[in-house]
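**Student:**
Now the structure itself:
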């Protein structure tokens, strides 16, 4: 059975430190034991003593003079003293060598102990963060949340913290991408349903409108109750017609040839034609970038819808502040449309762009959803916030080189 990652690292580090230490100590001890006695002073003095004894046995001291005998005795005494000193020096050297060997062995043991501890610490520093990050990949695969940045972690080296942060960013990007894909799929489903509903409504609605027109032309021959019923039918068929058009627009993406659309000119024209007389549109622009590449009519419907919503929020009276900010280098183009009405509750900021969600009594819930689909088809993004002093501000950003 394969060893766990931490144990494998521990054993490798221990072997890398223990083996050189053991070999060094063993080699030193063996070299001292073998070479030191042969290189000592005792061997040489023993040989001198042996030759002196042979000289003494081979010399007839009776034929020597008194001075010669004195010199011979003095030489033998010096040889005997040298041998004694050499023996004592060798004994001291042996004890010294043994003590030094013990010290070396103790130092080697200390080095081994430190090596084992260091190997254990390094293996923990390496294996725990790696095991933790492997667990994080499992959490990402199961779509579960990762531990927060300030939570307990197996610290390890600083590079592991950078890797943790990268994994958190990756997980957040995957969640955002998954949410965007789900939202896109949901919008595709809504568009398909809206397209089919619009198609199914149009045929009977045409017949209904013809019948209502005939009843209205015969109004002089009907009583008041019938006239009221005809008026109700006419109003409701108009409402159904408007609903069918919104369904059709929502279910159909912009198509056909593209062209440059001057956003500033478009917003100025809408400010003159689509808002009530009591509403004033105040437009501010830096005149850096004014155009996007796309389809004029869908963009006109989208911005007209935003103008109408702003005017309705202010009850048909007030000022709509519009700002167009373009990048001089041809980058992003930002548009903000701010009203001064009651505003939109923060918890509804995301929901207002959902299909069929509305806060109006007679709304279809497709207006802002159609605005969002149209702007996204032109590489734009829309969000809503609060206007300082009260009201809602819709912010649109067209990416650099905006278009389909």
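Numbering (this note's numbering), first residue to last: 24 to 427. All residues carry an ideal CB built from backbone N, CA and C; glycine is no exception. None of these values were measured; they are calculated from a predicted model.
(1) Do you know how far the Cα of residue 331 is from the Cα of residue 212?
(2) In terms of alpha-carbon separation, which member of 208, 264, 204 lies closest to residue 229?
(3) Taking the CB atoms as reference points, tell me whether residue 286 and residue 198 lie closer together than 8 Å.
(4) Quick one: residues in its chain with C-beta nearer than 8 Å to the C-beta of residue 290, no 5 flanking neighbours on either side, listed in chain order?
(5) Using the beta-carbon count (16 or more within 10 Å), is residue 166 buried or exposed?
(6) Any idea what DSSP makes of residue 340, helix, strand or coil?
(7) In terms of DSSP beta bridges, what is residue 260 paired with?
(8) Can you have a look at residue 363 and say buried or exposed, based on whether 16 or more other CB atoms are within 10 angstroms of its CB?
(9) Given a threshold of 16 other Cβ atoms within 10 Å of its Cβ, counted over all protein chains shown, does residue 103 qualify as buried or as exposed?
(10) Starting from the N-terminal side, write out each stretch of the beta strand (DSSP E) that is 3 residues or longer and does not extend beyond the region 296–374.
(11) By a C-beta neighbour count over all protein chains shown, 10 Å radius and 16 as the cutoff for buried, is residue 158 buried or exposed?
(12) Count the other C-beta atoms from every protein chain shown that fall within 10 angstroms of the C-beta of residue 401, then say buried if there are 16 or more, exposed otherwise.
(13) Candidates 334, 260, 206, 366: which alpha carbon is nearest residue 232's?
(14) Sorted by chain position, which residues of the same chain lie with C-beta nearer than 6 Å to residue 293's C-beta, five sequence neighbours on each side aside?
(15) Mapping the DSSP letters down to three states, classify residue 88 as helix, strand or coil.
(16) If I measure Cβ to Cβ from residue 297 and keep anything under 6 Å in the same chain, skipping five residues before and after, which residues do I get?
**Tutor:** On the basis of the data shown:
(1) Cα-Cα distance, rounded: 27 Å.
(2) Nearest C-alpha to residue 229: 264.
(3) Going by C-beta atoms, residue 286 is not nearer than 8 Å to residue 198.
(4) If we look at residue 290 and ignore the five residues flanking it on each side, its Cβ neighbours are 304, 306, 326, 345, 347, 358.
(5) Classification for residue 166: exposed.
(6) In this structure, residue 340 counts as coil in the three-state DSSP scheme.
(7) Looking at the DSSP assignment, residue 260 forms no beta bridge with any residue, so it has no partner.
(8) The residue in question, residue 363, is buried, as its Cβ has 16 or more Cβ neighbours within 10 Å.
(9) Taking every protein chain shown into account, the CB of residue 103 has fewer than 16 other CB atoms within 10 angstroms, so this residue is exposed.
(10) The beta strand (DSSP E) runs lying completely inside the region 296–374 and spanning 3 residues or more are 302–308, 314–317, 341–349, 356–361, given in chain order.
(11) Exposed.
(12) Counting Cβ neighbours within 10 Å, residue 401 comes out buried, since at least 16 surround it.
(13) Measuring from the Cα of residue 232, the nearest candidate turns out to be 260.
(14) Around residue 293, the same chain offers 326, 327, 330 as residues with beta carbons nearer than 6 Å, after the five sequence neighbours per side are excluded.
(15) In the structure shown, residue 88 sits in coil (DSSP, three-state: anything other than H, G, I, E or B).
(16) Shown here for residue 297: same chain residues with a beta carbon closer than 6 Å to its own, the five before and five after excluded, namely 327, 330 in chain order.
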